[in-house]
Amino acid sequence: MSFGSALVGSASFGSASVGAASVGRSASASPASQPPVRPTGAVPVGRWAWPLVPRPVVLRPFDPPASAYGSGHRGIDLAGRDGQQVRAVAAGTVSHVGVLGGRGTVTVLHPSGVRSTYEPVRGLVTRGQVVAAGEVIGTLTTTGSHCAPDPCLHLGAIRDERYLDPLALVGAGQGAAASPRLNHPHEAAWASGRAASPPVGRVGHSADFTRAGGPDGRTA
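Whatever position you read off the sequence shown (first residue = 1), add 31 for my numbering.
Take a look at the structure:
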């Protein structure tokens, strides 16, 4: 359950210089500058590309909790290697690059209104940057990995304050199952990019609640 994993990554989110600059920009941006979420179509079931190449092994699938505070896994864990390139699953605009709860995180807002979240990664993009499907947005790191000591990518998907099953969006699942709505107003603000930090002491493991917009983006 990727609650605190929410886009928590390492400050090394990009190259030493890019990561630092990205984090700085992310922290200094005002909530008013956050890109608005205006869904323009249906959830893109089966339309996403895999964020790791070649197609990764799914170590842990999406497991939506029965209630907002229940246990579960709000995303999927994909096997990878330290330093492996992480790619955008679809075209969109980077809405967050930074470190949350010790994990480097990146969030991309797509035209459908879905946010894809990636952690733990060293970000190689900047907030507001437009990216294409398959474009490299960062590299995988073991810092903050909840698959430790092995590296793995936690991929999350959020729309309308609900986590979706990323496997369904890449065409490997049965449907875009959704979790209960984010369980607290501040959580919802954090996931949508209106708050700069995740809620404290709410649901345990960070990888169980990843934000789709950290300071603007959180991984599920």
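C-beta: ideal position from N, C-alpha, C; glycine also.
Item	Value
Residue 188 in three-state terms, based on DSSP	strand
Sequence-distant residues of the same chain with beta carbon closer than 8 Å to residue 13, five excluded per side	Lying outside 32 to 251, the shown extent of the chain, residue 13 is not represented and no answer is given.
Closest Cα partner of residue 94 within the set 144, 108, 121 and 131	108
Runs of beta strand (DSSP E) lying entirely within the region 135-197, each at least 3 residues, in chain order	146-150, 152-154, 167-171 and 183-190
Entirely enclosed beta strand (DSSP E) segments - the region 74-119, minimum 3 residues	89-91, 107-110 and 116-118
DSSP beta-bridge partners of residue 123	162
Residue 119 vs residue 161 beta-carbon contact at 8 Å	no
Candidates 90, 123 and 98: closest to residue 80 by CA position	123
Cβ separation of residue 83 and residue 111, assumed to be a contact under 8 Å, to the nearest whole Å	5 Å
Presumed contact (8 Å Cβ cut-off) between residue 186 and residue 197, rounded CB distance	5 Å
Chain-order list of residues whose beta-carbon lies under 7 Å from that of residue 116 (same chain, five-residue window excluded)	167 and 170
Cα-Cα separation, residue 134 to residue 89	20 Å
Inter-residue spacing [alpha-carbon to alpha-carbon] between residue 199 and residue 131	26 Å
Residues that DSSP places opposite residue 200 in a beta bridge	Paired residues: none, contrary to the question.
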